[in-house]
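Asks: I have a structure I would like to understand better, so I am pasting it below and will then ask my questions one at a time.
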Amino acid sequence: MPANSLDRPIVVGVDASESALHAVRWGAVDAALRGAALHLVFAVPAVADAPLDETPVRMLHDRLRDTAQSALDSAAQIAREAVTDRPAPEIRTFLVDAPAVTVLSGLAETAYYVVVGVRGMSAYHRSLLGSVSTGVARHAQGPVVVVPGGVQAISDRPVVVGVDGSAHSVRALEIAFDEASRRGVPLIAVQAWEVSGDTRTHGDSVALLTGMLERNTAAYPGVDVKTLVMEGRPARVLLDAAADAQLLVVGSHGTRGYPGMALGSTGHALLHGSECPIALVRLRN
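The structure is reproduced here in structure tokens:
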């Protein structure tokens with residue numbers, strides 16, 4: 001990360017769906033909180049393999065671009081309306097002729113976050129993430145925030161972070177402290193382990209969590225930090241802890257991950273089960 005994180009924009013994937021607008025609102029508020037630019041991106045995939053000419057295929061592509069530009073204009077207006085109580089971020093819109101997963105995953109290398117929505121409001125539909133949301137979460141080389149419907153972009157609810165000692169969770173903890181500080185809410189740091197697959201004791205987990213927290217508490221003295229250390233399946237413990245949170249922050253994969261791994265089992269379960277926005281943190285190459 002650069003010394004000044006303001007150099008990195010918040011990038012939001014836009015399409016013509018209502019779920020994308022939830023992501024736009026969340027991204028606008030987060031950009032305003034950190035004084036970063038907000039980039040709204042609509043990616044239009046090719047409608048044919050062959051070069052487009054003056055045919056019905058070209059006409060279809062042009063109509064798709066017109067629809068995309070209209071959606072971007074609406075998204076920009078919604079972003080401005082989401083931050084009327086604070087200075088609005090610089091908002092830019094981008095219409096790109098390429099597959100959405102490819103575009104957004106690439107932008108994650110230079111964005112602070114790439115933010116995407118999910119389809120549906122119910123728990124059942126949240127478990128059926130859209131192909132773009134899933135693809136970006138798996139392949140983006142940087143932090144991704146997935147925003148479900150029916151949530152507030154900012155509230156007095158806490159930020160929850162999962163800590164397991166991996167390099168990804170070190171960065172996740174830094175991001176969680178930053179978010180809690182900017183939002184003025186408590187931070188709940190969670191460390192969970194399963195007896196069947198881990199040789200750590202409760203004391204080991206407390207020591208691990210305490211050591212990792214010490215790296216950040218001095219930089220964020222105003223953040224009220226609470227801890228939760230318990231035995232249990234990490235995904236279940238984190239989902240329970242985040243049931244009343246405004247944001248859940250986790251590493252994309254933990255200590256059992258391997259180089260090049262797209263998404264660990266805990267990250268996958270959280271992505272499909274979280275009822276609040278979830279930031280999946282992957283270190284950049």
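When we follow the UniProt record's numbering, the leftmost residue of the sequence shown carries the number 1, and every step to the right adds one.
Even for Gly, the Cβ is constructed at its ideal location relative to N, Cα and C.
(1) List the residues that DSSP assigns as beta-bridge partners of ILE91.
(2) In the structure shown, what three-state DSSP assignment does ALA16 receive?
(3) If ILE175 sits next to PRO143, beta carbons under 8 angstroms apart, how far is it from one beta carbon to the other, in whole angstroms?
(4) Sort LEU283, ARG282 and LEU248 by Cα distance to GLY273 and report the nearest one.
(5) Would you kindly work out how many angstroms separate the C-alpha atoms of ALA219 and GLU109, rounded to a whole number?
(6) Closest to ALA82 by C-alpha separation, out of ALA243, VAL151, THR217 and GLU214, would be which residue?
(7) Is the number of C-beta pairs between the segment 187–196 and the segment 276–285 that are closer than 8 angstroms three or more?
(8) Would you tell me roughly how many angstroms separate the C-alpha atoms of VAL115 and ALA23, rounded to the nearest one?
(9) If you follow the beta strand (DSSP E) that GLU174 is in, where does it begin and where does it stop?
(10) Around the Cβ of GLU194, are there at least 16 other Cβ atoms within 10 angstroms (buried) or fewer (exposed)?
(11) Is it buried or exposed, VAL7, if we count other Cβ atoms within 10 angstroms and call 16 or more buried?
(12) Mapping DSSP to helix, strand and coil, what is ALA194?
(13) Please determine, among VAL160, ARG65 and LEU107, the residue with the shortest C-alpha to C-alpha distance to GLY251.
(14) Please look up how many angstroms separate the CB atoms of LEU283 and ARG171, rounded, as I've assumed it's under 8 angstroms.
(15) If you reduce the DSSP assignment to three classes, tell me which class THR201 lands in.
(16) Contact check, SER105 vs HIS139 under 8 angstroms by CB: the rounded distance?
(17) Measure the beta-carbon distance from LEU38 to PRO87 and round it to whole angstroms, keeping in mind my assumption that it falls under 8 angstroms.
(18) Give me the Cα-Cα distance between ARG215 and ASP178, rounded to the nearest whole angstrom.
(19) Could you give the distance in angstroms between the alpha-carbon of SER181 and the alpha-carbon of GLN141?
(20) What does a CB cutoff of less than 6 angstroms around SER133 pick up in its chain, not counting 5 residues either side in sequence?
(21) Could you say which of ALA243, ALA98, ASP85 and MET230 lies nearest to VAL163 if we only look at CA atoms?
(22) Hey, out of ALA100, ARG157 and ALA242, whose CA is closest to SER131's CA?
Replies: In short, the structure shows the following:
(1) LEU38
(2) coil
(3) 7 angstroms
(4) LEU248
(5) 25 angstroms
(6) VAL151
(7) no
(8) 6 angstroms
(9) Run containing GLU174: none in the beta strand (DSSP E); it sits in the alpha helix (DSSP H), 167–183.
(10) exposed
(11) Before going further, note that residue 7 is Asp rather than Val in the sequence given. That one is exposed.
(12) With the sequence shown as reference, residue 194 is identified as Glu, and Ala is not the correct amino acid for it. DSSP places GLU194 in coil when its eight states are reduced to three.
(13) VAL160
(14) 6 angstroms
(15) coil
(16) 4 angstroms
(17) Incorrect: roughly 12 angstroms between the Cβ atoms, too far for contact.
(18) 13 angstroms
(19) 25 angstroms
(20) VAL116, VAL118 and VAL146
(21) MET230
(22) ALA100
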